[in-house]
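Visitor: Numbers -41 to -1, 1 to 372, taken from mature numbering (1 follows the signal peptide of the UniProt record, and there is no 0), label the letters of the sequence shown in order. Ideal Cβ placement from N, Cα and C applies to all residues, glycine included. Just so you know, these numbers come straight off a predicted model, no measurement behind them. Take this structure, written in structure tokens, and hold onto it; I'll ask about it next.
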Amino acid sequence: MTSRGRHRRYRPSAVSRASLTVTASGAGLAIPLLGAGVAAAAPVDTWEEVAECESNGRWDINTGNGFFGGLQFQQSTWESYGGTGYAPRADLATRDQQIAVAEEVLDGQGPQAWPACAAEAGLTRDGVRPAIAPADAPGPAPAAERAPAAEESATRTSTPAGRGERAGDLYEVVRGDTLSGIASAKDVRGGWQSLYELNRRTVGGDPDLILPGQRLALRAPAEGGTEEREEEREAAEPRQEPAAEEPREAPEPEPAPEPEPEPAEQPQGEREEQPAEAAPAYTAPVSAGTGTAYRSSGGSWSLGYHTGVDFPVPTGTSVKSVAAGTVVSAGWAGSFGYEVIVRHPDGHYSQYAHLSAISVSEGQSVTTGRQVGRAGSTGNSSGPHLHFEIRTGEGFGSDVDPVAYLRGHGVSL
């Protein structure tokens, strides 16, 4: 794959449509290998529908995003389930060979290996074996030779993928989790905000970033238990009434002191109020220098030139709205990967592309500097970076110089 491929329309696996809020991110096929279980199968038509959902039905696809073939295998999954007996990678294998390996994955992991696309295609474990011929190319070793490995895998114990197991009031984060998803699934009172407050020390300062393996408390510890027991104990014990005191003569009241005259108010010089320093109306989308410049020419871009400016930053870097406005698009955008587009009061639009996570939703109002997502390398991308555009309209091709636009509003780049 070239370092900068032409923008093209490729629909991702629904598995990667994260929580739009960053995320213990991961993809469905990156699930630990399970031990041997009940045989599972699905007809060819069902696998075709899964491939249509995962890769637009392109069995030889390799976009460089770490997932291969029509069913979007990760390389580790392809190797773990014997795929290298057919081809080094899934995209180099035939359709039937990919389906044969997928049958093994379905047997070991179940339909949750393709969380969204399995449901869309009606993939289950109780289907019929597909009519395929995976042995057209050099195939895997005979079953007799592979038997010891199968026996070994049957004795292994691994943690199944999916939602983390709850031990009491604790939850272990797994790939793909978000605080809002956990709060909804576990009926956490107060929603994700309450869950974040309970686990701020574990999660850190960014609620959009949780990591697999973190253990989160789902309930607040009981408060007031000791005080309630103390109150119960006091109620059970008989109270001792204080002994009656003999009446004593009340002392004569002292004469009240005469009130002191209030000091006359001294006139004070008027002080000028210092106006609070106004927050900047515009800001840079990330705190980093620029990379590929606007209008760089070359055949790598569909219009023959670079329609924005790139900021090379690591995956997960916070991406901010350069000015106040309204989100008009937030989601998958083909070759741009995950993107956010904001309409600003001056009639311009700002685009933030190749994101790894999205933090806002369509129709939401944002302020200057509000996080709209996190940088990544989704879509047709050569590596982690932010692709940033300023447009005169919402659609592609209405671009203007983004650096000149920001500098014209006082932003230093």
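1) So GLU268 and VAL301 are supposed to be a Cβ contact under 8 Å. How far apart are they, rounded?
2) Starting from GLU348, follow the beta strand (DSSP E) in both directions and report where the run begins and ends.
3) Under the DSSP definition of a beta bridge, which residues are partnered with ILE317?
4) Please report the distance separating the alpha-carbon of TYR364 from that of ALA1.
5) Within 10 angstroms of its Cβ, does ASN15 collect 16 or more other Cβ (buried), or is it exposed?
6) SER256: buried (16+ other C-beta within 10 angstroms of its C-beta) or exposed?
7) State the Cα-Cα distance for the pair residue 398 and SER139, rounded to the nearest angstrom.
8) Report the partner residues of VAL299 according to the DSSP bridge assignment.
9) Can the beta-carbon of GLY296 be found less than 7 Å from the beta-carbon of GLY338?
10) Counting pairs of beta carbons, one from the region 278 to 293 and one from the region 312 to 328, are three or more of them closer than 8 Å?
11) Classify THR351 as buried or exposed, calling it buried when 16 or more other Cβ atoms lie within 10 Å of its own Cβ.
12) Is the beta carbon of residue 378 sitting closer than 7 Å to the one on ARG160?
13) One question on the structure: do THR276 and ALA334 come within less than 7 Å of each other, judged by their Cβ atoms?
14) What do you reckon, are the CB atoms on ALA340 and HIS313 nearer than 7 Å?
15) Compute the Euclidean distance between the alpha carbons of ARG105 and LEU170, then round it to the nearest angstrom.
16) Can you tell me whether DSSP reads ARG84 as helix, strand or coil?
17) Are the beta-carbon atoms of LEU65 and THR5 separated by less than 7 Å?
18) Quick check: what's the CA-CA separation for LEU51 versus GLY250?
19) I'd like the span of the alpha helix (DSSP H) that includes ALA72, first residue to last.
20) Expressed to the nearest angstrom, what Euclidean distance is found between the alpha-carbon atoms of GLY150 and GLY44?
21) In whole angstroms, give me the CA-to-CA distance for THR137 and ASP146.
22) Would GLY28 pass as a contact of ALA46 if the rule is Cβ separation under 7 Å?
23) Along the beta strand (DSSP E) that carries GLU11, what are the first and last residues, could you check?
24) When the Cα atoms are used, what is the spatial distance from TYR53 to PRO70?
25) Could you spell out where the alpha helix (DSSP H) holding TYR155 opens and where it closes?
26) Name the two residues that bound the continuous beta strand (DSSP E) containing ARG131.
27) For ARG366, which residues from the same chain have a beta carbon less than 8 Å from its beta carbon, with the 5 sequence-adjacent residues on both sides left out?
28) Reducing DSSP to helix, strand and coil, say where LEU138 ends up.
29) Compare the Cα-Cα distances from GLN56 to each of PRO74, TRP73, VAL272 and PRO93 and report the closest residue.
30) When the Cα atoms are used, what is the spatial distance from LEU157 to SER143?
31) Can you look up ALA176 in the DSSP assignment and give me helix, strand or coil?
32) On the DSSP letters alone, give me the boundaries of the alpha helix (DSSP H) that SER39 sits inside.
33) Could you tell me which of TRP18, GLY164, ALA75 and VAL359 sits nearest to THR266, measuring between CA atoms?
34) THR34 to ALA72, Cα distance in whole Å?
35) Should SER315 go down as buried or exposed, given a rule of 16 or more other Cβ atoms within 10 Å for buried?
Guide: Let's see:
1) Here the question's residue 268 lines up with position 309 in the sequence shown. Here the question's residue 301 lines up with position 342 in the sequence shown. Note on identity: in this sequence residue 268 is Val, with Glu being the wrong assignment. About 16 Å; that fails the 8 Å criterion.
2) One-based indexing of the sequence shown puts residue 348 at position 389. Element bounds for GLU348: 345 to 350.
3) Within the sequence shown, residue 317 is the residue found at index 358, counting from 1. BP columns for ILE317 point to GLY332.
4) For the purposes of this step, residue 364 is taken as the residue at position 405 of the sequence shown. For the purposes of this step, residue 1 is taken as the residue at position 42 of the sequence shown. A straight line joining the alpha-carbon of TYR364 with that of ALA1 spans about 54 Å.
5) Taking the sequence shown and counting its residues from 1, the one referred to as residue 15 is at position 56. Exposed, by the Cβ-count rule.
6) Locating residue 256 in the sequence shown gives position 297, counting from the first residue. Flag for SER256 reads exposed.
7) The displayed coordinates of the chain run from -41 to 372. Any statement about residue 398 would go beyond what the structure contains.
8) One-based indexing of the sequence shown puts residue 299 at position 340. According to DSSP, VAL299 bridges with ALA289 and TYR311.
9) Position 337 of the sequence shown, counted from the first residue, corresponds to residue 296. Position 379 of the sequence shown, counted from the first residue, corresponds to residue 338. Yes, these two residues count as a Cβ contact at 7 Å.
10) These segments touch.
11) In the sequence shown, residue 351 corresponds to position 392, counting from 1. THR351 should be labelled exposed.
12) Nothing can be reported for residue 378: it is not among the residues displayed for the chain, which extend from -41 to 372.
13) Mapped onto the sequence shown, residue 276 falls at position 317. Mapped onto the sequence shown, residue 334 falls at position 375. Yes, the Cβ-Cβ distance between THR276 and ALA334 is below 7 Å.
14) Translated into the one-based positions of the sequence shown, residue 340 becomes position 381. Translated into the one-based positions of the sequence shown, residue 313 becomes position 354. Strictly speaking, residue 340 in this sequence is Ser, with Ala absent from that position. Yes.
15) Along the sequence shown, one-based indexing puts residue 105 at 146. Along the sequence shown, one-based indexing puts residue 170 at 211. Reliability of the predicted coordinates at ARG105 is poor, the pLDDT of 40 falling under 50, and the value obtained from them is presented with this limitation in mind. Each residue's alpha carbon lies about 36 Å from the other.
16) Here residue 84 refers to the residue found at position 125 of the sequence shown. In the three-state reduction of the DSSP assignment, ARG84 falls in the coil class, being assigned neither a helical nor a strand state.
17) As a first step, residue 65 is located in the sequence shown; it is residue number 106 there, counting from the start. As a first step, residue 5 is located in the sequence shown; it is residue number 46 there, counting from the start. No, Cβ-Cβ distance for LEU65 and THR5 is not below 7 Å.
18) The residue labelled residue 51 in the question sits at position 92 within the sequence shown. The residue labelled residue 250 in the question sits at position 291 within the sequence shown. If I take the Cα positions, the gap works out to 34 Å.
19) By one-based count along the sequence shown, residue 72 stands at place 113. Unbroken run through ALA72: none, as it is neither H nor E.
20) As a working note, residue 150 is residue 191 in the sequence shown. As a working note, residue 44 is residue 85 in the sequence shown. For GLY150 and GLY44, the distance between alpha carbons rounds to 48 Å.
21) Position 178 of the sequence shown holds residue 137. Position 187 of the sequence shown holds residue 146. In a straight line, the C-alpha of THR137 is about 14 Å away from that of ASP146.
22) Stepping through the sequence shown from its first residue, residue 28 is reached at position 69. Stepping through the sequence shown from its first residue, residue 46 is reached at position 87. In this structure, ALA46 does not lie closer than 7 Å to GLY28 by Cβ.
23) Taking the sequence shown and counting its residues from 1, the one referred to as residue 11 is at position 52. No beta strand (DSSP E) contains GLU11, which is instead part of the alpha helix (DSSP H) from 3 to 14.
24) For the purposes of this step, residue 53 is identified with residue 94 of the sequence shown, where counting begins at 1. For the purposes of this step, residue 70 is identified with residue 111 of the sequence shown, where counting begins at 1. The sequence given here places Thr at residue 53; Tyr does not occur at that position. Approximately 21 Å between the Cα atoms of the pair.
25) Here residue 155 refers to the residue found at position 196 of the sequence shown. Residues 150 to 157.
26) Along the sequence shown, read from residue 1 onward, the residue named residue 131 stands at position 172. It should be pointed out that residue 131 corresponds to Glu in this sequence rather than to Arg. Its beta strand (DSSP E) spans residues 129 to 131.
27) The count along the sequence shown starts at 1 and reaches residue 366 at position 407. Counting only Cβ-Cβ distances below 8 Å, and skipping sequence neighbours, we find LEU372.
28) Numbered from its first residue, the sequence shown carries residue 138 at position 179. Under the three-state reduction of DSSP, LEU138 is assigned to helix.
29) For the purposes of this step, residue 56 is identified with residue 97 of the sequence shown, where counting begins at 1. Of PRO74, TRP73, VAL272 and PRO93, the smallest CA-CA separation from GLN56 is found for PRO93.
30) On the sequence shown, residue 157 is found 198 positions in, with the first residue counted as 1. On the sequence shown, residue 143 is found 184 positions in, with the first residue counted as 1. Their Cα atoms are separated by approximately 15 Å.
31) Taking the first residue of the sequence shown as position 1, residue 176 is located at position 217. ALA176: strand per DSSP, three-state reduction.
32) Taking the first residue of the sequence shown as position 1, residue 39 is located at position 80. Unbroken alpha helix (DSSP H) run through SER39: 34 to 39.
33) On the sequence shown, position 307 is the one that residue 266 refers to. The candidate whose alpha carbon is nearest that of THR266 is VAL359.
34) Position 75 of the sequence shown holds residue 34. Position 113 of the sequence shown holds residue 72. One point to set straight first is that residue 34 is Gln, not Thr, in the sequence displayed. Going from the Cα of GLN34 to the Cα of ALA72 covers about 14 Å.
35) By 1-based counting over the sequence shown, the position of residue 315 is 356. The residue is buried, with at least 16 neighbouring Cβ atoms inside 10 Å.
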